[in-house]
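All remarks here apply to the structure that follows.
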Ligand SMILES: Cc1cc2nc3c(=O)[nH]c(=O)nc-3n(C[C@H](O)[C@H](O)[C@H](O)COP(=O)(O)OP(=O)(O)OC[C@H]3O[C@@H](n4cnc5c(N)ncnc54)[C@H](O)[C@@H]3O)c2cc1C
Ligand code: SF4
Ligand code: SF4
Ligand code: SF4
């Protein structure tokens with residue numbers, strides 16, 4: 001077939017109806033405190049890894065909660081488990097624990 | 110005995126009349142509806158304590174019944190207001206020594222936001238409709254059955270230039286959190302998503318309630334405003350929003366959409382401005398004489414304000430302000 005140089009982009013929308021929320025629900029069940037996140041970004045602001053790489057902890061865990069697992073495990077691998085985020089989270093979330101839980105749950109993704 | 114006319118028999122008007130009587134001033138409540146209570150009559154349970162609205166109303170009714178110098182006139186709409194005389198729509202005139210305006214607010218008409226499909230699609234309801242359903246003790250879909258996924262949309266008819274309502278209605282965020290909890294109590298297996306632009310939890314216990322909704326009831330909060338709603342072939346509703354915290358568009362099907370409608374200024378306020386030289390704020394709510402020290406007074410001696418006629422407020426603030434308005438009126442009468 002002749003390649004005209006066109007392609008169809010993959011839809012960017014998060015489609016809650018199609019996403020499989022099983023893993024996400026499991027994560028929330030094991031760590032309900034993550035539900036209390038208010039998306040303030042303090043964790044990302046202080047994040048050692050996030051200041052040196054593209055890693056955005058808040059964004060990755062929010063995507064996981066919406067059932068968007070693609071690449072989340074690899075992203076979480078950038079975390080150095082230093083625990084600074086946990087010292088600052090205003091909702092008292094064990095954010096470092098969130099990193100480890102997501103890695104454990106999504107290791108096979 | 111001095112005599113004050115209180116216009117509007119909502120919680121502010123009721124409380125104001127009872128305080129006036131306690132201070133030795135006769136009060137007449139003019140209420141255009143057939144019953145006292147105002148909007149609170151339509152609510153089921155009040156945030157943040159989940160107190161039945163009826164409990165507040167019966168306590169206020171009792172306070173009024175205990176006072177021989179309060180006269181209640183229902184079915185009477187005030188049309189023309191001056192400090193010494195109020196003219197009703199019927200033409201009847203009531204003489205007095207001062208007036209308290211406690212005419213409250215108007216609920217935003219959700220049909221104006223056509224993109225959300227209120228009055229067009231099934232299962233799009235307002236927060237006020239949901240309170241009525243709670244009052245009847247049953248929430249169900251138009252074609253029967255229980256909702257499995259419910260979305261609640263904040264700021265409908267507030268903070269929106271497109272409908273000329275720039276102000277924040279203040280009580281809808283906490284109403285949305287309260288209703289999310291009540292829905293989860295009714296349908297523990299349903300998923301509830303609140304779509305918000307900002308979450309404004311200004312009162313004591315409100316932030317705690319928000320956290321409880323998140324942590325105990327697993328209500329999902331998505332920061333993003335729904336752009337449009339469309340019906341699906343299987344009679345559900347398809348929503349579109351941006352999940353701004355991930356920077357991605359988001360879509361989902363829901364069984365029911367609850368619109369948190371705002372508090373709009375009464376049309377009558379503009380007439381008060383032209384008729385009586387009272388002042389309006391850009392939001393259309395009445396402008397008090399001074400935001401700090403004259404919050405219950407108007408620009409005209411002998412005309413006072415109580416409750417939501419000056420801005421969106423919760424019931425507690427409306428009740429407190431009603432006491433302040435009564436006392437300002439009594440002080441003014443005594444100094445005349
Ligand atoms: C969806 C929703 C849910 C809410 N839930 C809560 C809650 O849980 N807890 C809480 O604290 N607050 C709640 N509120 C806020 C609450 O409704 C208000 O604080 C309260 O109603 C204010 O009382 P008001 O007397 O100032 O006004 P209103 O309740 O509006 O009463 C005004 C009265 O004046 C009458 N009137 C108007 N014009 C005239 C006229 N020209 N002549 C004669 N009578 C007239 C009207 O008929 C009405 O009875 C909620 C608001 C909304 C929108
Ligand atoms: S524990 Fe990980 S996510 Fe938290 S601040 Fe350290 S590197 Fe960042
Ligand atoms: S600091 Fe805590 S509340 Fe704020 S975004 Fe990070 S996890 Fe959420
Ligand atoms: S209280 Fe909340 S929902 Fe209501 S207008 Fe303000 S921000 Fe919007």
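Protein chains in written order, with my numbering: chain A, 1 to 109; chain B, 110 to 445.
Cβ atoms here follow ideal geometry from the backbone N, Cα and C, with glycine treated the same way.
Could you compute how far the alpha carbon of residue i sits from the alpha carbon of residue j?
i              : j              : result
residue 395(B) : residue 19(A)  : 49 Å
residue 84(A)  : residue 386(B) : 60 Å
residue 7(A)   : residue 241(B) : 51 Å
residue 185(B) : residue 144(B) : 11 Å
residue 284(B) : residue 3(A)   : 56 Å
residue 262(B) : residue 11(A)  : 24 Å
residue 169(B) : residue 309(B) : 29 Å
residue 196(B) : residue 161(B) : 35 Å
residue 32(A)  : residue 82(A)  : 22 Å
residue 36(A)  : residue 318(B) : 11 Å
residue 323(B) : residue 329(B) : 7 Å
residue 28(A)  : residue 245(B) : 34 Å
residue 444(B) : residue 412(B) : 15 Å
residue 65(A)  : residue 9(A)   : 24 Å
residue 286(B) : residue 193(B) : 44 Å
residue 86(A)  : residue 39(A)  : 14 Å
residue 146(B) : residue 50(A)  : 55 Å
residue 130(B) : residue 179(B) : 7 Å
residue 414(B) : residue 353(B) : 40 Å
residue 259(B) : residue 15(A)  : 16 Å
Name the chain A residues that come within less than 8 Å of residue i, Cβ to Cβ?
i              : result
residue 361(B) : 15, 16, 17
residue 358(B) : 12, 13, 14
residue 354(B) : 39, 58, 59, 62
residue 327(B) : 28, 32, 35
What residues from chain B crowd round residue i, counting only those whose CB sits closer than 8 Å?
i             : result
residue 33(A) : 324
residue 66(A) : 352, 355, 359
Residue j and residue i - do their beta-carbons sit closer together than 8 Å?
i              : j              : result
residue 439(B) : residue 114(B) : no
residue 281(B) : residue 371(B) : yes
residue 343(B) : residue 250(B) : no
residue 183(B) : residue 142(B) : yes
residue 421(B) : residue 236(B) : no
residue 56(A)  : residue 48(A)  : no
residue 375(B) : residue 214(B) : yes
residue 367(B) : residue 288(B) : yes
residue 338(B) : residue 265(B) : no
residue 153(B) : residue 296(B) : no
residue 211(B) : residue 122(B) : yes
residue 360(B) : residue 13(A)  : yes
residue 408(B) : residue 388(B) : yes
residue 203(B) : residue 126(B) : no
residue 424(B) : residue 128(B) : no
residue 466(B) : residue 138(B) : This structure gives no information on residue 466(B), because the portion of chain B shown stretches from 110 to 445.
For a test of the three-state rule: what should DSSP assign to residue i, helix, strand or coil?
i              : result
residue 287(B) : helix
residue 267(B) : coil
residue 328(B) : coil
residue 363(B) : strand
residue 408(B) : coil
residue 204(B) : strand
residue 148(B) : helix
residue 221(B) : helix
residue 97(A)  : helix
residue 32(A)  : helix
residue 181(B) : strand
residue 238(B) : helix
Quick check on the burial criterion: 16 or more other C-beta atoms within 10 angstroms. Buried or exposed for residue i?
i              : result
residue 303(B) : buried
residue 207(B) : buried
residue 68(A)  : buried
residue 140(B) : buried
residue 96(A)  : buried
residue 252(B) : exposed
residue 110(B) : exposed
residue 80(A)  : exposed
residue 463(B) : With chain B represented from 110 up to 445, any question about residue 463(B) goes unanswered, as that position is not in the structure.
residue 17(A)  : exposed
residue 228(B) : exposed
residue 155(B) : buried
residue 256(B) : buried
residue 341(B) : exposed
residue 300(B) : buried
Can you pull the chain B residues whose beta carbon is under 7 Å from the beta carbon of residue i, in chain order?
i             : result
residue 36(A) : 320, 323, 324
So which residues on chain A does residue i lean against when the C-beta distance must stay under 9 Å?
i              : result
residue 275(B) : None at all; the shortest Cβ gap to chain A is about 25 Å.
Mind listing the chain A neighbours of residue i? Cutoff is C-beta to C-beta under 7 Å, in chain order.
i              : result
residue 332(B) : 39
Compute every distance between the C-beta of residue i and the non-hydrogen atoms of ligand 6, then say whether any falls below 7 Å.
i              : result
residue 211(B) : In the structure on display, ligand 6 does not appear, and the ligands it does have are ligand 1, ligand 2, ligand 3 and ligand 4.
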